[in-house]
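Residue numbers (the working numbering), protein chains in the order written: chain A, 7 to 257; chain B, 7 to 257.
So the structure is just underneath, and the comments pick up after that.
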């Protein structure tokens with residue numbers, strides 16, 4: 007991995023409660039050479055003044071603020087959630103060890119933007135927030151004391167990404183060409199298109215709409231579609247949607 | 007390395023200025039299953055009340071206090087200092103990368119007590135303090151922003167020691183079993199169901215039907231669906247197909 011690859015990384019803090027923790031995360035990012043910070047719905051809007059951002063005030067000032075996870079990860083081609091031991095026993099996602107997940111992320115950083123999501127200090131990432139992730143990495147904390155400080159969690163994950171760099175960079179093995187992954191924005195458009203078609207066809211029960219949408223979002227992310235296939239799916243769904251609508255009108 | 011090995015590790019904070027940082031270090035220790043904290047000449051004697059020691063108050067209460075580094079590391083068979091990039095250009099010690107040093111420490115933890123030293127937030131470890139160390143590990147921070155938060159530095163170093171452990175905790179949450187892959191038969195049923203819906207919606211041009219079917223077949227195989235997702239897709243497509251058919255009849 008090269009320093010350039012890290013330009014492709016976006017650290018996304020979702021619903022962080024404490025501005026000091028946002029500052030601490032910014033500091034860890036600066037330590038390890040990661041510049042792009044995004045915050046989704048911070049609890050404290052004045053987070054940019056966090057005093058704990060020693061040496062990272064510039065990074066914090068440039069942090070981008072979003073209202074939804076979907077917008078914060080829109081252009082990313084891989085979206086990875088983070089969790090700790092013992093949390094989220096009901097996790098619906100593929101769970102990777104941090105060291106294994108780190109390897110996968112490093113590969114993907116060579117080819118496009120990757121988002122790494124951290125949840126709120128209190129609750130971590132919610133099911134809804136996680137539904138935007140392809141998979142989840144677990145920081146190997148003890149079961150008995152899983153809950154981790156946000157700045158420390160960010161530091162540990164980013165360290166995993168820069169770890170061992172010296173040897174790795176020398177003459178990096180040529181990346182196996184992979185088809186361009188779809189952007190999260192396109193994948194989300196696909197999710198919405200499928201949800202619409204399913205609504206039109208009576209598959210979605212009104213009372214379970216939110217749960218169904220979440221299930222669809224997760225399922226589609228598991229498919230890890232490339233850009234072409236996403237386009238193809240979108241085309242198919244739009245045609246189906248049109249036909250369903252046209253039929254209704256004909257009645 | 008086993009959890010027992012970590013009992014041999016002593017984290018030694020030398021001249022830490024801020025009790026909150028001592029608390030944060032304690033918390034990181036607890037997260038990664040390291041229990042023995044030693045402090046040498048803390049700036050604030052009331053460090054045990056640090057509020058940032060979430061979940062690690064017991065560990066902090068049992069912290070041992072020393073007046074000199076020599077006493078704090080007396081029974082240890084290996085003493086390792088820590089530093090960051092850019093600091094201590096005058097270093098007299100053998101310098102190891104954190105990942106390399108971590109391997110050496112893990113080996114030595116199997117046979118006897120090891121001390122890991124962290125210096126003050128402001129100045130790191132002095133020459134005098136370093137003189138108690140056999141060698142020094144460097145956390146791979148950027149040269150331009152080396153200075154690291156103490157709690158984060160401790161978290162990153164301890165993570166390196168537990169990293170890659172086959173789930174350190176005996177009773178770690180069982181990693182979710184990879185879902186069973188779908189059978190080829192089911193995947194083909196799905197292909198046919200999709201082809202039928204696309205036919206009904208006018209997506210498939212009669213002249214290109216064979217080519218479209220082939221494209222769909224390849225695309226669906228690229229998705230590497232598991233058995234559950236295949237079922238879900240089949241259910242959705244059957245509902246859409248039913249709706250398209252019902253609409254036609256209503257006309």
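Even for Gly, the Cβ is constructed at its ideal location relative to N, Cα and C.
- Query: By a C-beta neighbour count over all protein chains shown, 10 Å radius and 16 as the cutoff for buried, is residue 81 of chain B buried or exposed?
  - Reply: exposed
- Query: With 8 Å set as the bound, which would you pick, yes or no: does the beta-carbon of residue 138 of chain B sit closer than that to a beta-carbon of chain A?
  - Reply: Taking CB atoms only, residue 138 of chain B has no neighbour in chain A less than 8 Å away.
- Message: In the DSSP assignment, the beta strand (DSSP E) including residue 2 of chain B goes from what residue to what residue?
- Response: Residue 2 of chain B cannot be examined here, being either before or after the span of chain B that is shown, 7 to 257.
- Item | Through-space distance from residue 117 of chain A to residue 180 of chain A, alpha-carbon basis | Per-residue confidence for residue 180 of chain A stands at a pLDDT of 40, beneath the threshold of 50, marking its modelled position as unreliable; no derived number is given.
- Message: Please tell me whether residue 36 of chain B has its Cβ less than 8 Å away from any Cβ of chain A.
- Response: yes
- Message: Only counting the same chain, and skipping five residues up and downstream in sequence, which positions put a Cβ closer than 7 Å to that of residue 22 of chain B?
- Response: Taking residue 22 of chain B as the centre and dropping the five residues before and after it, the same chain places the C-beta of 28, 45, 48, 49, 126, 127 and 156 closer than 7 Å to its C-beta, in chain order.
- the stretch 127 to 161 of chain B: positions lying closer than 7 Å to chain A by Cβ: Those residues of the stretch 127 to 161 of chain B that come within reach of chain A (Cβ to Cβ, closer than 7 Å) are 146, 147, 148, 151, 153, 154, 155, 157, 158 and 161.
- Starting from residue 43 of chain A, follow the beta strand (DSSP E) in both directions and report where the run begins and ends. Looking at the DSSP string, the run of the beta strand (DSSP E) that includes residue 43 of chain A is 42 to 46.
- Would you identify the three-state DSSP class for residue 38 of chain B, choosing helix, strand or coil? coil
- beta-carbon residue 34 of chain B near the ligand NAP non-hydrogen atom, thresh 7 Å: In the structure shown, the ligand NAP is absent, as is every other ligand, since no ligand is present at all.
- Assuming residue 4 of chain A contacts residue 210 of chain A under a Cβ cut-off of 8 Å, what Cβ separation, rounded to an integer in Å, is found between them? Since the first residue shown for chain A is 7 and the last is 257, residue 4 of chain A is missing from the structure and cannot be characterised.
- Determine which residues share a DSSP beta bridge with residue 138 of chain B and list them. In the DSSP output, where bridge partners are listed per residue, residue 138 of chain B has none listed.
- Task: Report the partner residues of residue 145 of chain B according to the DSSP bridge assignment.
- Result: Looking at the DSSP output, residue 145 of chain B sits in a beta bridge with B:90.
- Minimum Cβ-Cβ distance from residue 109 of chain B to chain A less than 8 Å: no
- Who are the Cβ neighbours of residue 230 of chain A in its own chain at under 8 Å, not counting the five residues just before and after it? 140 and 187
- Query: Taking just the CA atoms, how far does residue 38 of chain B sit from residue 174 of chain B?
  - Reply: Low local confidence applies: a pLDDT of 42 at residue 174 of chain B is under 50, so the model's placement there is unreliable, and no value is given.
- Message: For residue 160 of chain A and residue 249 of chain B, what's the separation of their Cα atoms in angstroms?
- Response: 48 Å
- List the residues that DSSP assigns as beta-bridge partners of residue 126 of chain A. In DSSP, residue 126 of chain A forms a bridge with A:130.
- Task: Give the secondary structure of residue 79 of chain A by DSSP, where H, G and I count as helix, E and B as strand, and everything else as coil.
- Result: coil
- Could you check the C-alpha separation between residue 124 of chain B and residue 91 of chain A for me, to the nearest Å? Pairing residue 124 of chain B with residue 91 of chain A, the inter-Cα distance amounts to about 26 Å.
- Message: Strictly under 8 Å for the Cβ-Cβ distance: is residue 45 of chain B near chain A by that measure?
- Response: no
- Message: Pull the bridge partners of residue 121 of chain A from the DSSP assignment, please.
- Response: Looking at the DSSP assignment, residue 121 of chain A forms a beta bridge with A:16 and A:85.
- Using a Cβ cut-off of 9 Å, which residues of the stretch 194 to 210 of chain A contact any Cβ in chain B, in chain order? 200, 203, 204, 206, 207, 208 and 209
- Task: Would you verify that the beta carbon of residue 98 of chain B is, or is not, closer than 8 Å to some beta carbon of chain A?
- Result: no
- Message: Three or more C-beta pairs under 8 Å: does that hold for the stretch 225 to 244 of chain B against the stretch 218 to 232 of chain A?
- Response: yes
- Closer than 6 Å by C-beta to residue 25 of chain A: which residues in its own chain qualify, once you throw out the five before and the five after it? Chain order, please. Shown here for residue 25 of chain A: same chain residues with a beta carbon closer than 6 Å to its own, the five before and five after excluded, namely 50, 53 and 56 in chain order.
- Message: Measuring only the C-alpha atoms, how far is residue 60 of chain A from residue 30 of chain A?
- Response: 8 Å
- Task: Compare the beta carbon distance of residue 260 of chain A and residue 42 of chain A with 8 Å and say whether it is the shorter of the two.
- Result: Past the boundaries of the shown model lies residue 260 of chain A; chain A is included only from 7 to 257, so the question cannot be answered.
- Start-end ranges of the beta strand (DSSP E) lying completely within the stretch 52 to 76 of chain A, minimum 3 residues: 70 to 72
- Query: residue 216 of chain A to residue 137 of chain A, Cα distance in whole Å?
  - Reply: Residue 216 of chain A and residue 137 of chain A: Cα-Cα distance of roughly 12 Å.
- Could you spell out where the alpha helix (DSSP H) holding residue 227 of chain B opens and where it closes? 215 to 228
- Proximity below 8 Å, CB of residue 14 of chain B to CB of residue 115 of chain B: yes
- Query: Can you find a CB in chain A that lies within less than 8 Å of the CB of residue 122 of chain B?
  - Reply: no
- Task: Using a Cβ cut-off of 8 Å (strictly closer), state whether residue 165 of chain A contacts chain B.
- Result: yes
- Message: Judging by CA-CA distance, which residue of A:195, A:252, A:191 and A:129 is the nearest neighbour of residue 208 of chain B?
- Response: A:252
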